[in-house]
Amino acid sequence: MNYQDRVRAHVEELRSTPDVVMRTSEIGSGPPRALSAGDVALIGTAWGDDAVEGVQDYLLSTDHIHVTWHSDDHYIYGEFALKDLRNCLSDYGLPYVDERLPPELKTLEEAPGSGRLTALRVPFGAQNRELWLYDMNRERLEPLELDYQSYLENLLLMKGAPFWQYLFMDVDLCDGEFQTMVSQLDRTLEAFPILFPDHDYSRLQERYEERCSRSPVFRRHKGPWTIQS
6 MNYQDRVRAH VEELRSTPDV VMRTSEIGSG PPRALSAGDV ALIGTAWGDD AVEGVQDYLL
66 STDHIHVTWH SDDHYIYGEF ALKDLRNCLS DYGLPYVDER LPPELKTLEE APGSGRLTAL
126 RVPFGAQNRE LWLYDMNRER LEPLELDYQS YLENLLLMKG APFWQYLFMD VDLCDGEFQT
186 MVSQLDRTLE AFPILFPDHD YSRLQERYEE RCSRSPVFRR HKGPWTIQS
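This is the structure:
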């Protein structure tokens, strides 16, 4: 199943989950656009010819998709606006967001209005597969320990929930700066296995505990994760 069809399946899962409100579902229809010779050249120039085959299942039929949802109580929520890789690579850089940012950074995915986005680093005349997170609120620009495919896999698994990207950054999440973020991650990773039992969140839960266990707001769970009343 291609990535766009998998997004559609996750949207249907959200729609059928009690206490979840679907706000935006702009997914497009039809199969992904076929790779043209120009697409192959574009991806090959940025990432190397060997990258083309590996990204085909992650291409979209539209320039972007946009999904927004939240629980009835708004404690759990998610949003992502994801660009098709070809649209991302051929787009402008990020100076329109912050003039201090280098033009080689190109927006791949964001939650509009949140001040956070993930960008590909596409230096002119060189091949690079790095992904970077830009957080305007914290004035941070950090590389992610993820490649394109693994980023999209985690994005889908987390359904656009905020802050999961920080689990893959070289920052001290136990610092007081991140307390609100850690609390939201805790709440999300506690609720998701119950809301969406067909998905395995154990790897992300383990990563959260490894990265956040010294945080003042970390709750050390005993036994199975359960939603707190």
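Using this note's numbering, the first residue of the sequence shown is number 6, and each one after it goes up by one.
Even glycine gets a Cβ: it sits at the ideal position worked out from N, Cα and C.
It should be emphasised that the depicted structure is a prediction, and the values quoted were computed from it without experimental measurement.
Practice problem: For F85, name the three-state secondary structure that DSSP assigns. | Solution: Assigned with DSSP and collapsed to three states, F85 falls in strand.
Exercise. Have a look at T193 and F85 and give me their C-alpha separation to the nearest angstrom.
Key: Roughly 16 Å separates the two Cα atoms.
Quiz item: Taking Cβ positions, are L87 and I70 nearer each other than 9 Å?
Solution: By the CB criterion at 9 Å, L87 and I70 fall inside the cutoff.
Quiz prompt | Rounded C-alpha distance that separates F223 from Q210 | solution = When rounded, the separation of the alpha-carbon atoms in F223 and Q210 is 12 Å.
Self-check item: Within the stretch 52-87, ranges of the beta strand (DSSP E) (whole runs, at least 3 residues)
Solution: Segments of the beta strand (DSSP E) lying fully in the stretch 52-87: 69-76.
Exercise. Can you tell me which of V25, S95, P221 puts its alpha carbon nearest to the alpha carbon of T73?
Key: Closest option to T73, Cα to Cα, is V25.
Quiz item: Near E115, which residues of its chain fall below 6 Å by C-beta distance, leaving aside the five closest residues on each side in sequence?
Solution: Correct list, in chain order: A86, L122.
Quiz prompt | Cutoff 9 Å: P107 Cβ touching any chain C Cβ | solution = In the displayed structure, chain C is absent; only one protein chain is listed.
Quiz prompt | Buried/exposed call for Q233, threshold 16 Cβ in 10 Å | solution = Below a pLDDT of 50, predicted positions are generally treated as unreliable, and Q233, at 46, falls in that range; no measurement from the model is reported.
Quiz item: Taking C-beta to C-beta, are F129 and K164 nearer than 9 Å?
Solution: No.
Self-check item: Contacting residues, own chain, Cβ-Cβ under 6 Å from L19 (five flanking each side not counted)
Solution: Within the same chain, V25, M27, W74 come within 6 Å of L19 by CB-CB distance, once the 5 residues on both sides are set aside.
Quiz item: Using a Cβ-Cβ cut-off of 8 Å (strictly less than) and excluding sequence neighbours within five positions of L178, which residues of its own chain qualify?
Solution: The answer, listed in chain order, is Y171, L172, M186, V187, R216, C217, S220.
Practice problem: Pull up the DSSP beta-bridge partners for E115, would you. | Solution: Assignment of beta-bridge partners to E115 by DSSP yields A86, L122.
Self-check item: Extent of the continuous beta strand (DSSP E) run through T29
Solution: Judged by DSSP secondary structure, T29 falls within the beta strand (DSSP E) whose first and last residues are 25-31.
Exercise. Express the C-alpha separation of L136 and R239 in angstroms, rounding to a whole number.
Key: What is shown of the chain runs 6 to 234, which leaves residue 239 out entirely.
Quiz item: Any idea if A5 is buried or exposed, counting beta-carbon neighbours within 10 angstroms, 16 or more meaning buried?
Solution: Here the chain covers residues 6 to 234 and nothing more, so residue 5 does not appear.
Quiz item: At which residues does the alpha helix (DSSP H) containing D191 begin and terminate?
Solution: In the DSSP annotation of this structure, the continuous segment of the alpha helix (DSSP H) that includes D191 starts and ends at 184-200.
Quiz item: DSSP three-state call for D140: helix, strand or coil?
Solution: It is a strand residue.
Exercise. Report the rounded CA-to-CA distance for Y97 versus L146, giving the unit in angstroms.
Key: Between the C-alpha atoms of Y97 and L146 there is a straight-line separation of about 18 Å.
Practice problem: Could you tell me which of R208, N7, D89, R212 sits nearest to M174, measuring between CA atoms? | Solution: The shortest Cα separation from M174 among R208, N7, D89, R212 belongs to R212.
Quiz prompt | Ranges of the alpha helix (DSSP H) found wholly within the stretch 150-177, counting only runs of at least 4 | solution = Listed in chain order, the complete alpha helix (DSSP H) runs (minimum 4 residues) inside the stretch 150-177 are 153-162.
Quiz item: To the nearest angstrom, how far is it from the Cα of N7 to the Cα of L113?
Solution: If I take the Cα positions, the gap works out to 18 Å.
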